[in-house]
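Chemist: Each number in my numbering comes from the position in the sequence shown (counting from 1) with 143 added on. For every residue, glycine included, the Cβ atom is placed at its ideal position computed from N, Cα and C. In this text the structure is predicted, and so the values were computed from the model without any measurement.
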Amino acid sequence: MMGAGKTRVGKEVAKLLGLPFRDADVAIEHEVGMTIPAYFQRHGEPAFREVEADVIARTLVSFDGVFSLGGGAPMTPSTQAELARYAEAGGKVVYLMADPAEAMERAARGGGRPMLDGDANARWKKLYRERDPVFRDVANVRVRTKGLTPLGAARKVIDMIEERSIHVTGAAIEPYDVVVGEGSLNHLADVLGEGPAKVALIHTQPVQRHADRARTLLRKAGYDVRELTIPDAEAGKTVAVADSLWQRLGEEGFTRSDAIVGLGGGAATDVAGFIAATWMRGVRYVNCPTSLLAMVDASTGGKTGVNMPQGKNLVGAFHTPAGVLADLTCLSSLPRDIFVEGLGEVAKSGFIMDTAILGILADHAAELRGFDGATFLGSGLEDVVAELIERTVRVKAHHVSADLTEKGLREFLNYGHTLGHAIEQIEHFSWRHGNAVAVGMVYAAELAHLLGYIDQDLVDRHRELLASLGLPTAWRGDFDAVLALMHRDKKARGNTLRFVVLDRPGHAIHLDDPPADAVREAFERIQPTD
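Put into structure tokens, the structure is as follows:
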């Protein structure tokens, strides 16, 4: 908006990055040979917008630097289209979300703004109501600058443009962003917004250091923070734990206007989301995943829930977060085995849709398998992991956007999960989710091969890639127990088994009611050979 400091902040960003800076208003004045107020007065706004759109279009394809647009520029449809193309090509379109009071004061003081003629504050507020939704839509980086100096705002812009952001939207989804990068947790207060008074920070004990950081950030932003610690992993994902959290929220007087922050692995973010979905029939929440598995799977998509003795995720709700902050610095505290299990869900996304993921995993298998949190940041591996997270989240966003409540397309995200969940249940959750899914994918591949959907080479590719990453590809268990649990799988229809299988790399299909002998034979093929 006018008065947000686009020119001053833009110059600081350019200086810090060692890039050239260009201001659209200056470029337009050079183009027309007069000041913008004079051009407005002589030719009117439509003529000005036409010149402005042309200058912006030419600059976006020819200028490699920091470019500051006029406040009304993104309202022109042709400019919106140009910015969309620029963003799709990897460019960063930054919306400086200044505090309205600060921006109005600067805009009125600066003068020379034809759009603010008359009652400047009233005009600014009217323009803000019209422009803010459009600005949010065209930008792929949104930076709140309240209380920041131009240099402070510039540093925040740089931090955010170096992050990866995936916008999740679709039918029945309140749009939100998944932000991947070092330090993304710093945006926690921005994502929560100014509405909530109290925030329940739900986390597990092993991530206390990250919870301490989140609590500090929230309290610094003025929130009343209540910490709620739950058991780690699947032990914390029970109805009893959920009940204890509900009791605590009631005792603390949480209302519908308060919020939840879930911080930890996949189980912790599942529980936090379930509490947010059910408390007062739904409150705002933010996910802060600390494990690779949570970053690529559990924290995104709006599926929340807890386990029952009879099966996994049998009680739950669909409730989308206000945002997901996948801070890569959290991965530096992960043990190797917990990092590696997350690669199972990454590989799944490669097998069902984005086959480029499979190539990245194969090229970096040794580095990923040998993950060392102490040397992770600064090793170069963090860039590989960031790309894998971004690609995997985009696969999930694609499926979720068209099918929030899992009635069709979204079920393909369960590739490997029908057997995987049964393994977890039978092993009393001593097997981690990503490891169980890895075996489940090999099983699904064997089943698809037996029924003629895929060839042996693709089955072998499953085994070789997963093994190269340090993931298991075999498991010994009781077939009757497994079959009983697969019949309880949420994809099952009545007494009919329903699987997700591949018919080619990158393409999943439903397999309904496969022959019983093929179901058993595929199970025999995943038994250990020793």
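1) If contact is defined by three or more beta carbon pairs under 8 Å, each pair taking one atom from either stretch, is the segment 238-249 in contact with the segment 274-288?
2) Under a three-way DSSP split, which group does Asp526 fall into?
3) When the Cα atoms are used, what is the spatial distance from Gln351 to Ile403?
4) So what's Ala651 in DSSP terms, helix, strand or just coil?
5) Leaving aside the five residues before and after Arg575 along the sequence, list all residues of the same chain whose C-beta is less than 6 Å from its C-beta, in chain order.
6) Within 10 angstroms of the Cβ of Thr359, are there 16 or more other Cβ atoms? Answer buried if so, exposed if not.
7) Identify the continuous beta strand (DSSP E) that holds Asn456 and give its terminal residues.
8) Nearest to Asp197 by alpha carbon, out of Leu226, Asp207, Val209 and Glu248?
9) Determine contact between the segment 610-617 and the segment 649-656, defined as no fewer than three beta-carbon pairs at a distance below 8 Å.
10) Report the rounded CA-to-CA distance for Ala411 versus Thr372, giving the unit in angstroms.
11) Measure from the alpha carbon of Val489 to the alpha carbon of each residue in Ile418, Gly466 and Val580, then state which is nearest.
12) With C-beta atoms as the reference, is Leu531 less than 8 Å away from His542?
13) Count the other C-beta atoms from every protein chain shown that fall within 10 angstroms of the C-beta of Glu377, then say buried if there are 16 or more, exposed otherwise.
14) Where Pro163 and Glu195 are concerned, what is the direct C-alpha to C-alpha distance, given to the nearest angstrom?
15) Report yes or no: is there a C-beta of chain C within less than 8 Å of the C-beta of Asp656?
16) Which residue wins for smallest C-alpha separation from Arg604, given the options Ala588, Leu406, Glu337 and Asp413?
17) Terminal residues of the continuous beta strand (DSSP E) containing Asn450?
18) Answer yes or no: do Ala167 and Ala230 have a C-beta to C-beta separation smaller than 8 Å?
19) The beta strand (DSSP E) that contains Arg369, what's its start and end?
20) Verify whether the separation of the beta carbon atoms of His462 and Leu406 is less than 8 Å.
21) Specify, as a first and last residue, the run of the alpha helix (DSSP H) that Lys299 falls within.
22) Got a sec, what are the start and stop residues for the alpha helix (DSSP H) Met629 sits in?
23) Could you round the C-beta distance between Ile301 and Val156 to whole angstroms and report it? I think they count as a contact, below 8 Å.
24) Under 8 Å between the Cβ atoms of Phe666 and Val625?
25) Report the residue from Met218, Phe206, Gly161 and Val458 whose alpha carbon sits nearest the alpha carbon of Pro189.
26) According to the neighbour-count rule (16 or more other Cβ atoms, all chains shown, within 10 Å of its Cβ), is Ala224 buried or exposed?
27) Are three or more beta carbon pairs between the segment 392-399 and the segment 453-462 nearer than 8 Å?
28) Between His630 and Asn638, what straight-line distance do the alpha-carbon atoms span, to the nearest angstrom?
29) Could you give the DSSP three-state label for Gly577: helix, strand or coil?
30) Does Gln568 pass the burial test, meaning 16 or more other C-beta atoms within 10 Å, or should it be called exposed?
31) The beta strand (DSSP E) that contains Asp166, what's its start and end?
32) How many Å lie between Thr150 and Gly393 at the Cα?
33) Which whole-angstrom value describes the C-beta separation of Leu344 and Val368, a residue pair presumed to lie in contact below a C-beta threshold of 8 Å?
34) Any idea which residues DSSP pairs Asp401 with across the strands?
35) How would you label His173, buried or exposed, when you count the other beta carbons within 10 angstroms and need 16 or more for buried?
36) Across which residues does DSSP place Phe210 in a beta bridge pair?
Modeler: On the basis of the data shown:
1) These segments touch.
2) Within the sequence shown, residue 526 is the residue found at index 383, counting from 1. Residue state, collapsed to three classes: helix.
3) Taking the first residue of the sequence shown as position 1, residue 351 is located at position 208. Taking the first residue of the sequence shown as position 1, residue 403 is located at position 260. Distance between the alpha carbons of Gln351 and Ile403: 17 Å.
4) What you label residue 651 is simply residue 508 of the sequence shown in a count that begins at 1. Three-state result, Ala651: strand.
5) For the purposes of this step, residue 575 is identified with residue 432 of the sequence shown, where counting begins at 1. Only Glu484 meet the Cβ criterion.
6) For the purposes of this step, residue 359 is identified with residue 216 of the sequence shown, where counting begins at 1. Exposed is the call here.
7) Start at 1 with the first residue of the sequence shown, and residue 456 comes out as number 313. Its beta strand (DSSP E) spans residues Gly454 to Phe461.
8) Taking the first residue of the sequence shown as 1, we reach residue 197 at position 54. Comparing Cα-Cα distances from Asp197 to each of Leu226, Asp207, Val209 and Glu248, the minimum goes to Leu226.
9) Verdict: no, contact absent.
10) Residue 411 sits at position 268 when you count from the first residue of the sequence shown. Residue 372 sits at position 229 when you count from the first residue of the sequence shown. Across the structure, Ala411 and Thr372 are spaced so that their CA atoms are roughly 10 Å apart.
11) Locating residue 489 in the sequence shown gives position 346, where the first residue counts as 1. Comparing Cα positions, the closest option is Val580.
12) Mapped onto the sequence shown, residue 531 falls at position 388. Mapped onto the sequence shown, residue 542 falls at position 399. Result no, Cβ atoms of Leu531 and His542 do not sit closer than 8 Å.
13) Counted from its first residue, the sequence shown places residue 377 at position 234. The residue is buried, with at least 16 neighbouring Cβ atoms inside 10 Å.
14) Position 20 of the sequence shown holds residue 163. Position 52 of the sequence shown holds residue 195. Going by the C-alpha atoms only, they are around 20 Å apart.
15) The structure shown has no chain C; it contains just one protein chain.
16) Locating residue 604 in the sequence shown gives position 461, counting from the first residue. The residue from Ala588, Leu406, Glu337 and Asp413 with its alpha-carbon nearest to that of Arg604 is Ala588.
17) Working through the sequence shown from its first residue, we reach residue 450 at position 307. Here the beta strand (DSSP E) through Asn450 covers Lys446 to Met451.
18) One-based indexing of the sequence shown puts residue 167 at position 24. One-based indexing of the sequence shown puts residue 230 at position 87. Going by C-beta atoms, Ala167 is not nearer than 8 Å to Ala230.
19) Indexing the sequence shown from 1 puts residue 369 at position 226. Start and end: Asp367 to Ile373.
20) Here residue 462 refers to the residue found at position 319 when the sequence shown is read from its first residue. Here residue 406 refers to the residue found at position 263 when the sequence shown is read from its first residue. No; because the gap between Cβ atoms is not below 8 Å, this pair is not in contact.
21) Position 156 of the sequence shown, counting from 1, holds the residue named residue 299. Residues Pro293 to Ile304.
22) Reading the sequence shown from its first residue, position 486 is the one you call residue 629. Element bounds for Met629: Phe622 to His630.
23) Looking up residue 301 in the sequence shown gives position 158. Looking up residue 156 in the sequence shown gives position 13. The pair is a contact, with the Cβ atoms about 6 Å apart (cut-off 8 Å).
24) As a working mapping, residue 666 is identified with position 523 in the sequence shown. As a working mapping, residue 625 is identified with position 482 in the sequence shown. Phe666 places its beta carbon less than 8 Å from that of Val625.
25) Here residue 189 refers to the residue found at position 46 of the sequence shown. Sorting Met218, Phe206, Gly161 and Val458 by C-alpha distance to the C-alpha of Pro189 places Met218 at the top.
26) Residue mapping note: residue 224 aligns to position 81 of the sequence shown, counting from 1. Flag for Ala224 reads exposed.
27) As far as the Cβ criterion goes, the segment 392-399 does not touch the segment 453-462, which means the pair count is below three.
28) On the sequence shown, residue 630 is found 487 positions in, with the first residue counted as 1. On the sequence shown, residue 638 is found 495 positions in, with the first residue counted as 1. Each residue's Cα considered, the two are about 7 Å apart.
29) As a first step, residue 577 is located in the sequence shown; it is residue number 434 there, counting from the start. It is helical.
30) Counting from 1 along the sequence shown, the entry for residue 568 is found at position 425. Residue environment analysis places Gln568 among the buried positions, since at least 16 neighbouring C-beta atoms fall within 10 angstroms of its C-beta.
31) Your numbering for residue 166 matches position 23 in the sequence shown. For Asp166, the uninterrupted beta strand (DSSP E) segment begins and ends at Phe164 to Asp166.
32) Translated into positions along the sequence shown, residue 150 becomes position 7. Translated into positions along the sequence shown, residue 393 becomes position 250. Each residue's Cα considered, the two are about 48 Å apart.
33) Residue numbering aside, residue 344 sits at position 201 when the sequence shown is read from its first letter. Residue numbering aside, residue 368 sits at position 225 when the sequence shown is read from its first letter. The pair is a contact, with the Cβ atoms about 6 Å apart (cut-off 8 Å).
34) Taking the first residue of the sequence shown as position 1, residue 401 is located at position 258. The partner list for Asp401 (beta bridge, DSSP) is empty, contrary to what the question assumes.
35) Here residue 173 refers to the residue found at position 30 when the sequence shown is read from its first residue. Label assigned to His173: exposed.
36) Residue mapping note: residue 210 aligns to position 67 of the sequence shown, counting from 1. Phe210 is bridged to Arg165.
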